[in-house]
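These notes are about the structure you will find just below.
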Amino acid sequence: MAAISTRLALLLAGPLVVVACSSGSDDAEPPPATRAIAPTTSAAPVTTEQPTANADEPTTTVAALEYSIEWESVGDDVERGTLTVPLDYSDPDGPTIGLEVARHRAPDDSRVGSMLVNRGGPGAASSDMAYAASSWFPTDITDRFDIVAWDPRGTGRSGAAVDCIDDADHDRFFADIDITPDDADGRAELVALAEEFAAGCVARTDGLTHIGTTNSARDMDAIRQALGEPQVSYFGFSYGSALGAVWATLFPSTVRAAVLDGASDPSAEPLERSRQQLAAFEASLTTFLDECADGSTCAFAGDDDPGVALEALLSDLDAAPIPTIDGRADLNRAVATTGIVQAMYSDAYWPTLERALEDAADGDGGGLLALHDTYHQRADDGSYPSLIESFQAITCMDRDERLSVDESDANAAELRSVAPRLSPSDAGSYFCTFFPESAEPMIEVTGVGAGPIVVIGTTGDPAT
1246 MAAISTRLAL LLAGPLVVVA CSSGSDDAEP PPATRAIAPT TSAAPVTTEQ PTANADEPTT
1306 TVAALEYSIE WESVGDDVER GTLTVPLDYS DPDGPTIGLE VARHRAPDDS RVGSMLVNRG
1366 GPGAASSDMA YAASSWFPTD ITDRFDIVAW DPRGTGRSGA AVDCIDDADH DRFFADIDIT
1426 PDDADGRAEL VALAEEFAAG CVARTDGLTH IGTTNSARDM DAIRQALGEP QVSYFGFSYG
1486 SALGAVWATL FPSTVRAAVL DGASDPSAEP LERSRQQLAA FEASLTTFLD ECADGSTCAF
1546 AGDDDPGVAL EALLSDLDAA PIPTIDGRAD LNRAVATTGI VQAMYSDAYW PTLERALEDA
1606 ADGDGGGLLA LHDTYHQRAD DGSYPSLIES FQAITCMDRD ERLSVDESDA NAAELRSVAP
1666 RLSPSDAGSY FCTFFPESAE PMIEVTGVGA GPIVVIGTTG DPAT
């Protein structure tokens, strides 16, 4: 992640220009932090009054709650702790969960306040951002703000952590599958996998229906209260911009200032968001192929047009998968598509993709499998973080509808017309079909009454 520009740092530290509030989705990874925990002083419980709301401002809790964090030192200027919050904010006396929270302290002599941060997802834990604050933000920000990061509910070390499948079954759900089934039996296999995945999430995740962006935004206000501050600033990347937009809508008077970096249309329906994102990934792939054709590194295409060569390679994979690594999935259309999508997140991956495609053309699918594994964050020991499971579950919990299999198939046909190489199937994505209804689906975003917010939109960023 590149450092934030000095200009944005100064915008956060001083007055901001007010622009429209928006949303976004997915993400990057600074180094993991070392956790040599040594207890220091404990924070006394803090009870704060909500800032006075306008008559039309949303009401988000049913009772005044007391929040506190017992901080422990974990290194130079960094502390961590656990914040206890209701699983269901409409039942404040009911079950609770713990949120993993960390903060990088700013020097007292120049401190402006606290800035909550989120790196994206949904499903990505973010508490490590505090440990690596200097990698994420310039000193213009870290000298003025406590960087407060947390693992959103359902992720990382926080409560309601999503768990759906065993690591040993990961390939069975995401690699050893035929995403372009030729008949009803093949389609039925995909439906059965989606139903099994959802059933696993329900059975293995306590509080599944209470994860999601709306309750995560409420958690942000609980963090603010535990910090004892009437207002906080916020910096959200990618999906973090969607989270920030919901927070600003629910708690506008607590927003000192915010930056939403990597935004998409918050009013778009799920199908439209998928259409926009897939079209962007497809355009990025076209750019990759054009640059490949203009250079001398497109060995996988031989004397052919790179686009034609790629389509020929992909179309043959389900009928004739290419070997990869002993004990792992062969290179089929599912693995290849995920590997290509991973490479579209940054052109820094493009040389790797060129080599992987060349290897595949020569009968070795290991390179594209490695990119597929990068997307899924597979470790050398074959383990996986909960990112993909959390991503899927939070995505479904943010939706207030459950499409039928036939409705999903109709959407898939439309998406195929937008992105024939990266969404080649007429079979739908059935995961959300079998999830339970959400207790708190995504709210309509307005941001009315919030403090100044800068929304950043970029080109060449297909994920958002």
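Under my numbering, think of the first position of the sequence shown as 1246, with each following residue one higher. For every residue, glycine included, the Cβ atom is placed at its ideal position computed from N, Cα and C. The structure presented is a predicted model; accordingly, all values stated were derived computationally and were not measured.
{"Check": "contact_flag[the region 1449-1456, the region 1426-1435] where n(CB pairs < 8 Å) is 3 or more", "Outcome": "no"}
{"Check": "Opening and closing residue of the beta strand (DSSP E) in which I1698 lies", "Outcome": "1698-1701"}
{"Check": "Under the three-state DSSP convention, the category E1324 falls into", "Outcome": "strand"}
{"Check": "Where R1402 sits in the DSSP three-state scheme", "Outcome": "coil"}
{"Check": "Assigned secondary structure, D1316 (DSSP; H/G/I helix, E/B strand, else coil)", "Outcome": "The sequence as given places Trp at residue 1316; Asp does not occur at that position. Reduced to three states, the DSSP call for W1316 is coil."}
{"Check": "Chain-order list of residues whose beta-carbon lies under 8 Å from that of R1623 (same chain, five-residue window excluded)", "Outcome": "H1415, Y1629"}
{"Check": "Ordered list of beta strand (DSSP E) runs contained in the region 1566-1637, each at least 3 residues", "Outcome": "none"}
{"Check": "Bridge-paired residues (DSSP) for Y1479", "Outcome": "L1361, A1503"}
{"Check": "In DSSP terms, what V1346 is bridged to", "Outcome": "G1326, W1395"}
{"Check": "Identity of the residue in G1399, L1616, D1421, E1603 nearest S1631 by Cα", "Outcome": "G1399"}
{"Check": "For G1612 and A1413, the rounded distance between their alpha carbons", "Outcome": "21 Å"}
{"Check": "Same chain, Cβ closer than 7 Å to A1462, five either side skipped, listed in chain order", "Outcome": "L1488, V1491, W1492, L1495"}
{"Check": "F1390, DSSP secondary structure in three states", "Outcome": "strand"}
{"Check": "DSSP three-state assignment for G1269, whether helix, strand or coil", "Outcome": "At G1269, the pLDDT of 33 sits below 50, so the modelled position is not reliable and the matter cannot be decided from this model."}
{"Check": "Cβ neighbour criterion (16 or more within 10 Å) applied to V1700", "Outcome": "buried"}
{"Check": "Residue environment, R1356, which counts as buried when at least 16 other CB atoms sit within 10 Å", "Outcome": "exposed"}
{"Check": "9 Å Cβ cutoff met for I1314 and A1351", "Outcome": "no"}
{"Check": "N-terminal and C-terminal residue of the alpha helix (DSSP H) that L1516 is part of", "Outcome": "1515-1539"}
{"Check": "Rounded Cβ spacing between L1614 and V1580 (contact assumed at less than 8 Å)", "Outcome": "6 Å"}
{"Check": "D1706, DSSP secondary structure in three states", "Outcome": "coil"}
{"Check": "C-beta atoms of Y1675 and V1447 nearer than 9 Å", "Outcome": "no"}
{"Check": "Inter-residue spacing [alpha-carbon to alpha-carbon] between D1571 and P1340", "Outcome": "46 Å"}
{"Check": "Coarse secondary structure for S1486, derived from DSSP in three states", "Outcome": "helix"}
{"Check": "Own chain partners of H1349 with C-beta closer than 6 Å, once the 5 adjacent residues on each side are dropped", "Outcome": "D1322, V1323, A1375, A1378, I1392"}
{"Check": "Sufficient close CB pairs (3 or more, under 8 Å) joining the region 1519-1526 to the region 1656-1663", "Outcome": "yes"}
{"Check": "Start and end residues, alpha helix (DSSP H) containing A1695", "Outcome": "First-last for A1695: undefined, no H or E at that position."}
{"Check": "Strand pairing of L1355, partner residues [DSSP]", "Outcome": "The residue you asked about is not Leu; residue 1355 is Ser in the sequence shown. Its beta-bridge partners do not exist; DSSP assigns none."}
{"Check": "Straight-line Cα distance separating M1642 from A1684", "Outcome": "8 Å"}
{"Check": "DSSP-derived helix/strand/coil call for P1337", "Outcome": "coil"}
{"Check": "Whole-angstrom distance between T1531 and L1558, CA atom to CA atom", "Outcome": "16 Å"}
{"Check": "Rounded distance between the beta-carbons of L1562 and R1573, thought under 8 Å", "Outcome": "Incorrect: roughly 15 Å between the Cβ atoms, too far for contact."}
{"Check": "Cα-Cα separation between V1693 and R1644, rounded to whole angstroms", "Outcome": "22 Å"}
{"Check": "Cβ-based burial, G1584 [other Cβ within 10 Å; buried from 16]", "Outcome": "buried"}
{"Check": "Distance, L1361 Cα to D1385 Cα", "Outcome": "16 Å"}
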